[in-house]
Amino acid sequence: MVVAFRATGGRRSYNRWVANETMEDFALRFTARRARRWSFGRVANTALGSISFLALEAIGGAITLTYGFDAAILAIMLAGLVLFLTGLPISYYAARYGVDIDLLTRGAGFGYIGSTITSLIYASFTFIFFALEAAILAFALEFCFGVPVALGYLLSGLVVIPLVVNGFSKISAFQAWTQPLWIVLHILPFALLALSGAELTSWTSYTGARGAEGPTMMMVGAAMGVVLSLIAQIGEQVDILRFLPEPRSPRERRRWWAAMLAAGPGWTVLGVAKMLAGSFLVTLAVSAAVPLRQATDPTRMYYAAYDAVMPSALLALVLTGAFVILSQLKINVTNAYAGSIAWSNFFSRLTHSHPGRVVWLVFNVMIALVLMEIGIYRAFESILGSYAMVAVAWIGALVADLVINKPLGLSPKGIEFKRAYLYDINPVGFGAMVMATLVGLVARSGFWGGDAEALASFLALLTAFVASPLIALLTDGRYYIARTPEPATATRGRPCCICEHRFDDEDMAFCPAYNGPICSLCCSLDARCNDACKHHARFQEQLMDWLGGILPRPILVQLRSRLGHFVGLLTLVTLVMAGLLTLVYTQVAITDPQVRDLMATTLAKVFAILIIISGVVA
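According to our numbering, the sequence shown is numbered sequentially starting from 715.
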């Protein structure tokens, strides 16, 4: 006999509080139809407002300074094509099913806990780029107004928080009001340069530090690796696109597609244009005697452009300051918003608690402030190149499931994101991502030679596309759905038995532990049920099932004990530490032989501990 749990008054009050969508903005759940009240144009404009970020110009300028015009243009165009093609299916499924990038990842091959890792990857993207954009703003405040950089970091980080507290409603209003002015300030210097007959020879003939003998595959590949770090930007686009209203007529269907294409994969068209602009502006800044180490600063780039066409240096400075400040605020409200959603998803699954999206908003901004203080902008090219391996592996595995597995019937056609119906780990997406990441990092380390190093991001993407359908075939797709979902009953679902709020049927499931319907958020926050609604779906059970095929029964009995759980957790933590140390050892250029020997010795000790633990387990 199964005795159903009952929600206590405190539990019910807490879950009602975290379900306050005025603040939460559906951060952890299906985007309700009542929240999709905005017009197609309003949603698309809000999503496109994030394309103001000047890191695009900085990336275009940086790879031009390093590899020259020819290699930079080839890299930008080819990478832009990859970004568009990978962004299209993600945007379509997210907008159609009303889910953010995390919920989409859950239901497209990663599982309930497997997508926790991708939430961390996505959160890393948001605070890395928040830090880069805020650093650009801080440099602009110093250049234009003499504000100390340290104070500029603080101001550029904290000013975003009030704009993001209330989620999409305030962000969409901010983007709508600032968009016309931003467009004018962005186009103005290029239009005036064109009217004044500015020459492009210094740009098209620029060879860079390494491109004197013309572009090579290694140079183009290395430059593409930096650009492809932007592949996770599609997550920020779909965090907004999920608010697109459902079309009810053929005309609305056409408008839905136009908004989805323009604000989803369409961001890459504007992104490529901005990177090309950065490539041109950096040569203009160099011609204006800006030092090379400062030439990739977008503030210096646009000041050089305005200064070349404005009648006074003061007017050029004012226009540059206004443009940079506006651009960075527009992108960082999106970065901060997306980061708050990613951290909410990450910690809610690990801790079964949710203090509110605003807490994670502040948390994300604080991490970005730390990165700014340690000087992330000075090394952003190498940082983005390494980050691209992980981001490409994640997005590649996700897209492979959407465009290969689903059409072939290897994956369920819909997007099921609720804990009640998912395995903790789906080896299809999660396994493909791990394999692709390893291939990318090994290739980038130079282990397979210079050509493979240059094409590391492509090798990671190809690995994900091959591994995902292959693993789905080998597992027969049985790790997508842990139990059959109940059929939908109505657009407006029944009240949740915990928080007692009503949600759309897509957000509800029947919970045998509480003997009633439960919303996806209350289901995620519950720590008492131990996933009683599904069998052999928890990670520990899945792991034992997988090991059961290769290990003798006596060893399995020991692994299921408390000591076995402890040893398994210790092994996992040690493996992660060893992996991080290995990554640092292979990626960081260490010239001091004593430091390198110390790291090598440390790694040897870590691996020795792993061997000892393995012996104990055996």
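Where is the CB? At the ideal position from N, CA and C, for every residue including glycine. Model, not experiment: these values are computed from the prediction.
Would you identify the three-state DSSP class for A1339, choosing helix, strand or coil? Shown here, the chain extends from 715 to 1332; a query on residue 1339 therefore has no answer.
Compare the C-alpha of C1211 against each of P1226, P1199, Y1016 and R1197 and name the closest. P1226
For W1074, which residues of its own chain have a beta-carbon under 6 Å away from its beta-carbon, when the five flanking residues on both sides are left out?
-> S1054, W1057 and S1058
Which residue's Cα is closest to the Cα of R924: I1185, T778 and I765? The shortest C-alpha separation from R924 is found at T778.
*Leaving out five residues before and five after D690 in sequence, what residues of the same chain have Cβ atoms less than 7 Å from its Cβ?*
Since the displayed the chain opens at 715 and closes at 1332, residue 690 lies outside it and no answer follows.
Alpha carbon to alpha carbon, how far is P929 from A772?
-> 20 Å
What is the DSSP secondary structure of V757, counted as helix, strand or coil? helix
* Per DSSP, the bridge partner or partners of G1230 -> C1225
_Residues that DSSP places opposite P1199 in a beta bridge_ = Paired residue(s): none; P1199 is not in a bridge.
Cβ-Cβ distance between A845 and M1086 below 7 Å = yes
Might you give, ordered along the chain, the residues of its own chain that have their beta carbon closer than 6 Å to the beta carbon of T921, omitting 5 neighbours on each side? G782
In angstroms, rounded to a whole number, what distance separates the CA positions of I954 and S886? C-alpha of I954 to C-alpha of S886: approximately 9 Å in a straight line.
- Query: Can you check whether the CB of L1040 is closer than 7 Å to the CB of W891?
  - Reply: no
Same chain, Cβ closer than 7 Å to Y1194, five either side skipped, listed in chain order
S1125, P1126 and N1140
When the distance is taken between beta carbons, is F1061 closer than 7 Å to T830? no
Output the boundary residues of the beta strand (DSSP E) element that contains R1341.
This structure cannot speak to residue 1341, because the chain is shown only from 715 to 1332.
| said: Within 10 Å of its beta-carbon, does D1011 have 16 or more other beta-carbons around it, so buried, or fewer, so exposed? | reply: buried
**Asked** For the alpha helix (DSSP H) that A1009 lies in, which residues bound it at each end?
**Response** L1006 to A1009
To which residues does DSSP link P1209 through a beta bridge? R1216
* What is the rounded straight-line gap between the Cα of M1080 and the Cα of S833? -> 18 Å
Should P903 go down as buried or exposed, given a rule of 16 or more other Cβ atoms within 10 Å for buried? buried
Q. Can the beta-carbon of A793 be found less than 7 Å from the beta-carbon of L984?
A. no
- Task: Enumerate in chain order the residues of its own chain whose CB-to-CB distance from E856 is below 8 Å, with the five nearest sequence positions on each side excluded.
- Result: P862, V863 and G866
Do the CB positions of A1052 and G1110 come within less than 7 Å of each other? no
Assess contact between the region 1012-1019 and the region 793-806, defined as three or more Cβ pairs (one per stretch) separated by less than 8 Å. Is contact present? no
query: How close, in whole Å, do the beta carbons of H1066 and D1240 come, if the pair is a contact with beta carbons under 8 Å?
result: With a Cβ gap of about 7 Å, H1066 and D1240 count as contacting.
Using DSSP with H/G/I as helix, E/B as strand and the rest coil, what is G1024?
A small correction: the amino acid at residue 1024 is Met; Gly does not occupy that position in the sequence shown. It is coil, neither helix nor strand.
L797 at chain D interface by Cβ criterion, 7 Å: Of the chains in the structure shown, none is chain D; there is only one protein chain.
- If V1106 and M791 are in contact, beta carbons under 8 Å, what's the gap, nearest whole angstrom? About 17 Å separates the two Cβ atoms, so there is no contact after all.
- request: Label I901 either buried or exposed according to how many other C-beta atoms from any shown protein chain fall within 10 Å of its C-beta, with 16 as the threshold for buried.
  value: exposed
* CA-CA distance, A1146 and G860? -> 49 Å
* Asked: In terms of residue numbering, what span does the alpha helix (DSSP H) encompassing S838 cover?
  -> That run of the alpha helix (DSSP H) goes G828 to F859.
Q) Does the beta-carbon distance from Y1020 to A1030 come in below 7 Å? A) yes
query = In whole angstroms, what separates the C-alpha of V1156 from that of A1174?
reply = Taking the CA atoms as reference points, V1156 sits about 10 Å from A1174.
Worksheet item: Can you tell which of A758, I804, I787 and L817 has the C-alpha that lies nearest to the C-alpha of E1130?
Response: L817
If we count the other Cβ atoms within 10 Å of its Cβ and call it buried at 16 or more, is V1117 buried or exposed?
buried
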